[in-house]
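First comes the structure, then the notes that go with it.
Number of protein chains: 2
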Amino acid sequence: MLDSIERVRAGEPRAVARAISAVERGGADARATIGALYRFTGKAFIIGVTGAPGAGKSTLVNALAKFFRRRGARVGILTVDPTSPFTGGALLGDRFRMQDLSGDAGVFIRSMATRGALGGLASATFEAIHVLDAAGFEIVMIETVGAGQSEVDIAKHAHTTIVVEAPGMGDDIQANKAGILEIADVLVVNKADREEANATAAVLEMNLNLKPRIENEWRAPVLKAIALKEQGIAEIVAAAEQHREYLRAHNLLPARERARWRAELENILQKQLLARALNGKPLDAWVEKIAAREMDVYQAADAVMEE
Amino acid sequence: MLDSIERVRAGEPRAVARAISAVERGGADARATIGALYRFTGKAFIIGVTGAPGAGKSTLVNALAKFFRRRGARVGILTVDPTSPFTGGALLGDRFRMQDLSGDAGVFIRSMATRGALGGLASATFEAIHVLDAAGFEIVMIETVGAGQSEVDIAKHAHTTIVVEAPGMGDDIQANKAGILEIADVLVVNKADREEANATAAVLEMNLNLKPRIENEWRAPVLKAIALKEQGIAEIVAAAEQHREYLRAHNLLPARERARWRAELENILQKQLLARALNGKPLDAWVEKIAAREMDVYQAADAVMEE
Numbered sequence: 452m453l454d455s456i457e458r459v460r461a462g463e464p465r466a467v468a469r470a471i472s473a474v475e476r477g478g479a480d481a482r483a484t485i486g487a488l489y490r491f492t493g494k495a496f497i498i499g500v501t502g503a504p505g506a507g508k509s510t511l512v513n514a515l516a517k518f519f520r521r522r523g524a525r526v527g528i529l530t531v532d533p534t535s536p537f538t539g540g541a542l543l544g545d546r547f548r549m550q551d552l553s554g555d556a557g558v559f560i561r562s563m564a565t566r567g568a569l570g571g572l573a574s575a576t577f578e579a580i581h582v583l584d585a586a587g588f589e590i591v592m593i594e595t596v597g598a599g600q601s602e603v604d605i606a607k608h609a610h611t612t613i614v615v616e617a618p619g620m621g622d623d624i625q626a627n628k629a630g631i632l633e634i635a636d637v638l639v640v641n642k643a644d645r646e647e648a649n650a651t652a653a654v655l656e657m658n659l660n661l662k663p664r665i666e667n668e669w670r671a672p673v674l675k676a677i678a679l680k681e682q683g684i685a686e687i688v689a690a691a692e693q694h695r696e697y698l699r700a701h702n703l704l705p706a707r708e709r710a711r712w713r714a715e716l717e718n719i720l721q722k723q724l725l726a727r728a729l730n731g732k733p734l735d736a737w738v739e740k741i742a743a744r745e746m747d748v749y750q751a752a753d754a755v756m757e758e
Numbered sequence: 452m453l454d455s456i457e458r459v460r461a462g463e464p465r466a467v468a469r470a471i472s473a474v475e476r477g478g479a480d481a482r483a484t485i486g487a488l489y490r491f492t493g494k495a496f497i498i499g500v501t502g503a504p505g506a507g508k509s510t511l512v513n514a515l516a517k518f519f520r521r522r523g524a525r526v527g528i529l530t531v532d533p534t535s536p537f538t539g540g541a542l543l544g545d546r547f548r549m550q551d552l553s554g555d556a557g558v559f560i561r562s563m564a565t566r567g568a569l570g571g572l573a574s575a576t577f578e579a580i581h582v583l584d585a586a587g588f589e590i591v592m593i594e595t596v597g598a599g600q601s602e603v604d605i606a607k608h609a610h611t612t613i614v615v616e617a618p619g620m621g622d623d624i625q626a627n628k629a630g631i632l633e634i635a636d637v638l639v640v641n642k643a644d645r646e647e648a649n650a651t652a653a654v655l656e657m658n659l660n661l662k663p664r665i666e667n668e669w670r671a672p673v674l675k676a677i678a679l680k681e682q683g684i685a686e687i688v689a690a691a692e693q694h695r696e697y698l699r700a701h702n703l704l705p706a707r708e709r710a711r712w713r714a715e716l717e718n719i720l721q722k723q724l725l726a727r728a729l730n731g732k733p734l735d736a737w738v739e740k741i742a743a744r745e746m747d748v749y750q751a752a753d754a755v756m757e758e
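Residue numbers (our numbering), protein chains in the order written: chain A, 452 to 758; chain B, 452 to 758.
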């Protein structure tokens, strides 16, 4: 790793890919990579793009990337699938939808589809953002699927989160949209040439208006787009940049960044403390006692702590 | 808490509700509740129901609950929304969709829509399942939204996971379904009176067939249902029970349960070890150094460990 830092910083794709693989592996590799690159971070504009399957996230990310490329910015893209496809299909799907971008050396695309614990994936994504940031990508986009806690966690990494909806999705009671609306800084109704687009936009506006208005608080705009035809993209970028300015003007970025680092630091400390406390000794005997209902998990924890 | 254990065990709704609130609060309250109830657990059949918004999960849970009630079984339902609605709308939505069940003392419904960390929600859900199990609910259903890591985590709590799809959802490349297919023990195409139902079922079958066949491995059946009209419910229950028998016949439940308890035990130990190590001392100074790029998070962790 150490001999290729200059190549990572120059944005050389294979070096960047290797550095992200290192943070995905975690442990000493992640430590060495972050140790070498962290001081070069803090410059990228980090944009999260999320929404339900079928909303057209990848197409929108593709269109946004092309827009930023025309301005001359270099663009790094992480597609994060918190579930673990057994087919590798997600990756193929992304490649298909983002084929416009292939062959452009100013664009780096990486799928973070990974088995393993959420903490692992969220941490690896956070560190991969730092790799792309250090590698000089002015724009880093993180694409995630759905509205689960993992997306909320990953949204915390982004400066600006764009939530994509397709017309007519959730023809159901709209309440289940509340969660995803909460993380949205910019809302996009994609596929806006469909007839239900105006109705969907109106429902989103209505849901946003349920939230009590707080003075000086950012209100997510609801924008319409046809990502496939690259229509409405400039407006989305303008809204994202207004949001970024809002964060700067209200000095909100430092608090976000500190909260994230505190969580990461606690996460690393917890793992190290547990490893040190157990010192290679397995927990199996305690797990057996819990399974046999001889003690509950808290009693087992007490017993381990006493040892 | 301690004086109402008998009332929890008798399934008295207010006592059960208080016990679940106690595990949601965590800390000493969760500890006391689990300590009192854990030895009475291990009897419930735990069914997870998940799928994208709009698939009709709540309607299906409602229909399944009515089916089980006709058999005389008591049914506990946890609806888990890993995001945090600012309106409380999700809860209203659930109540609306499950109004058939209201007034039936043999049914207990609780929304776990909770702010806070994923670990917190996953742990609280796990413990709430134990409360319902100890309270004598023979059937415990956990309804979750979406396909994120949090749903996968919660699926680990269930014996049998039912994944619900609506016809025509994900008219997109189907690859993003792979993740949710992996957790499905039973697949249901709901709203099967829509014309795309057969096509959606065929796509699901096709995706399942991409998975390499392993001898003696459970193959998730793809079933059609119209939950609103309570059609196809008996077949879903039969498939879920076949899956439960499969788990028993292959002795797969003990390993699942142990893996879950191991993760919970590690989680509790990590928190206790960190609290003991910091002993009330804040991490602020280290977070500041990280934010200032004076050190990276791993160096900060090393420094804290040395202290």
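No residue lacks a Cβ here, since even glycine has one placed at the ideal position from N, Cα and C.
Predicted model, so just to flag it, every value in this text is computed and none were measured.
- If you look at phenylalanine 496 of chain A, you'll find it in the beta strand (DSSP E) that goes 496-502.
- For tryptophan 669 of chain A, not one C-beta of chain B is nearer than 8 Å to its own C-beta.
- The C-beta distance from arginine 476 of chain A to alanine 466 of chain A rounds to 16 Å, too long to meet the 8 Å contact threshold.
- Taking a contact to require three or more Cβ pairs closer than 8 Å, the region 611-618 of chain B and the region 645-658 of chain B qualify as touching.
- Listed along chain A, the residues sitting closer than 8 Å to leucine 716 of chain B by beta-carbon distance are Leu734, Trp737, Val738, Ile741, Val748, Ala751, Ala752, Val755.
- Put simply, the region 715-731 of chain A touches the region 720-728 of chain B. At least three CB pairs are less than 8 Å apart.
- Selection B:Trp669, B:Ala690, B:Ala514 evaluated against histidine 701 of chain B yields B:Trp669 as nearest (Cα-Cα).
- One Cα belongs to glycine 557 of chain A, the other to leucine 572 of chain B, and the distance between them is close to 40 Å.
- The DSSP-derived three-state label of leucine 703 of chain A is coil.
- At a cut-off of 8 Å between beta carbons, glutamate 594 of chain A makes no contact with chain B.
- Excluding sequence positions up to five before and after isoleucine 456 of chain B, its CB lies within less than 6 Å of the CB of Ala487, all in the same chain and listed in chain order.
- Contact between valine 748 of chain B and glutamate 715 of chain A holds: their C-beta atoms lie close to 5 Å from each other, under 8 Å.
- According to DSSP, residue pairing for phenylalanine 559 of chain A in a beta bridge involves A:Gly527.
- If you ignore the 5 residues before and after proline 663 of chain B, its C-beta comes within less than 7 Å of no other C-beta in its own chain.
- Under DSSP, lysine 675 of chain B takes part in a beta bridge, and its partners are B:Val640.
- In chain order, Ile471, Leu529 place their CB closer than 6 Å to the CB of arginine 561 of chain A, counting only its own chain and leaving out the 5 sequence neighbours on each side.
- Judged by DSSP secondary structure, threonine 611 of chain B falls within the beta strand (DSSP E) whose first and last residues are 611-616.
- As the crow flies, the alpha-carbon of histidine 608 of chain B is around 8 Å from that of isoleucine 497 of chain B.
- Separation of alanine 736 of chain B and alanine 751 of chain B (C-alpha to C-alpha, rounded to the nearest whole angstrom) is 10 Å.
- DSSP, read as helix, strand or coil, puts threonine 595 of chain B in strand.
- Within the region 483-497 of chain B, those residues whose Cβ lies closer than 8 Å to any Cβ of chain A are, in chain order, Ile485, Gly486, Tyr489, Arg490, Thr492, Gly493.
- In the three-state scheme derived from DSSP, where H, G and I count as helix and E and B as strand, isoleucine 456 of chain A is classed as helix.
- At least 8 Å separates the CB of glutamate 666 of chain A from every CB of chain B.
- Distances from the alpha-carbon of glutamine 682 of chain B to those of B:Ala635, B:Leu698, B:Val512 put B:Val512 closest.
- DSSP places isoleucine 471 of chain A in the helix class (H, G or I) of the three-state scheme.
- Taking the Cα of alanine 743 of chain A as reference, the smallest distance to any Cα among B:Leu583, B:Thr492, B:Gly507, B:Glu696 is reached at B:Thr492.
- For methionine 592 of chain B, the number of other beta carbons within 10 angstroms of its own is at least 16, and it is reported as buried.
- In the DSSP assignment, serine 553 of chain B falls outside any alpha helix (DSSP H), carrying neither H nor E.
- For the 8 Å CB-CB criterion, asparagine 641 of chain B and glycine 507 of chain B form a contact.
- Across the structure, asparagine 667 of chain B and tyrosine 697 of chain B are spaced so that their CA atoms are roughly 9 Å apart.
- The beta carbon of isoleucine 677 of chain B does not come within 8 Å of any beta carbon belonging to chain A, so the residue lies off that interface.
- When Cβ-Cβ separations below 8 Å define contact, arginine 699 of chain A makes no contact with chain B.
- Nearest C-alpha to glutamate 647 of chain A among A:Ile665, A:Pro618, A:Leu661, A:Gly502: A:Pro618.
- With 16 or more other CB atoms across the displayed protein chains lying within 10 angstroms of its CB, glutamate 633 of chain A is buried.
- At a cut-off of 8 Å, the C-beta of isoleucine 528 of chain B has no neighbouring C-beta in chain A.
- Closest option to alanine 710 of chain B, judged by alpha-carbon separation, among B:Ser553, B:Ala606, B:Leu552: B:Ala606.
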